[in-house]
Each structure stands twice: as structure tokens, then as C-alpha cells.
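These notes concern the structure reproduced below.
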Amino acid sequence: KAAGEASPSGPSSWIPALSQLCGLIIDAAGLKSLNLDPRQFQQQELSNLMWALTTAKRPDERVFDFVVESIVLSSQSKNNRKEQMLMPQEWSIPLYCLAKTGISSGRE
Numbered sequence: 149k150a151a152g153e154a155s156p157s158g159p160s161s162w163i164p165a166l167s168q169l170c171g172l173i174i175d176a177a178g179l180k181s182l183n184l185d186p187r188q189f190q191q192q193e194l195s196n197l198m199w200a201l202t203t204a205k206r207p208d209e210r211v212f213d214f215v216v217e218s219i220v221l222s223s224q225s226k227n228n229r230k231e232q233m234l235m236p237q238e239w240s241i242p243l244y245c246l247a248k249t250g251i252s253s254g255r256e
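The numbering of the sequence shown is my numbering, which starts it at 149 and goes up by one.
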């Protein structure tokens, strides 16, 4: 075997399969989130889902809409209860993801 050549069980043989598997896991997590109550999660957790989909280059408009809608509803709920409004950091990841992917959530 020549120097630098990967063996059949070496990294170059399983990395593409692992990459595909990770993509499927990210897709499944995104789709599963659509069936959950967003109030069960902190906004940071939902933002992290958007970040994962964006950085894996697997954006899903339905998931992005779900996350943005949940952030808006959380903000309105906090406003109604006279609690502190959402922090700018809670918007930064979703806004970055929307800009990076070119997805419009239909909200201004």
C-alpha cells in the first residue's frame, strides 16, 4: 500500500457516510420540532436548531418559520406579563440564519 493511502476502514471511507447520517439527523430533528409545543423550549434551544440547519447547509423554511413565530409569541407573552422583553441575543442567531440562507419568514 502506498504511503498516504487510506485503508478501507480509514477515515476517508466513513466520513461521507457519517456526514450523510448527520444531515439526516439534523433534518429529522427539524421536522420533529414542528410537532412540538414551542413553549417547552427556551428560545436559545430553538435558535440553536436554526443555527445547525444553516451551518449544515440544510435550511428548512418550515422550521425557520416555526422558530421565528415562537420567538414572536414569546415576546408578546412576556410583554403581556410585563416581563423583560427578549434580549437582542435571542434575535441575533435567527436573524443571521435568515440572512445567510435568504429565507424570508414573511414577517417584518
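We treat Cβ as the ideally placed atom computed from N, Cα and C, and that holds for glycine.
Under DSSP, the alpha helix (DSSP H) around Ala204 begins and ends at which residues? That residue, Ala204, is in no alpha helix (DSSP H); it is neither H nor E in DSSP.
Taking contact to mean at least 3 C-beta pairs separated by less than 8 Å, is the stretch 157-171 in contact with the stretch 207-214? no
Would a C-beta distance cut-off of 8 Å place Gln191 and Ser222 closer than the cut-off? yes
Compute the Euclidean distance between the alpha carbons of Val215 and Leu169, then round it to the nearest angstrom. 24 Å
Could you check which residue in Ala204, Leu182 and Pro186 has the C-alpha nearest to that of Leu172? Ala204
When the distance is taken between beta carbons, is Met198 closer than 8 Å to Pro236? Note that the C-beta distance between Pro236 and Met198 is not below 8 Å.
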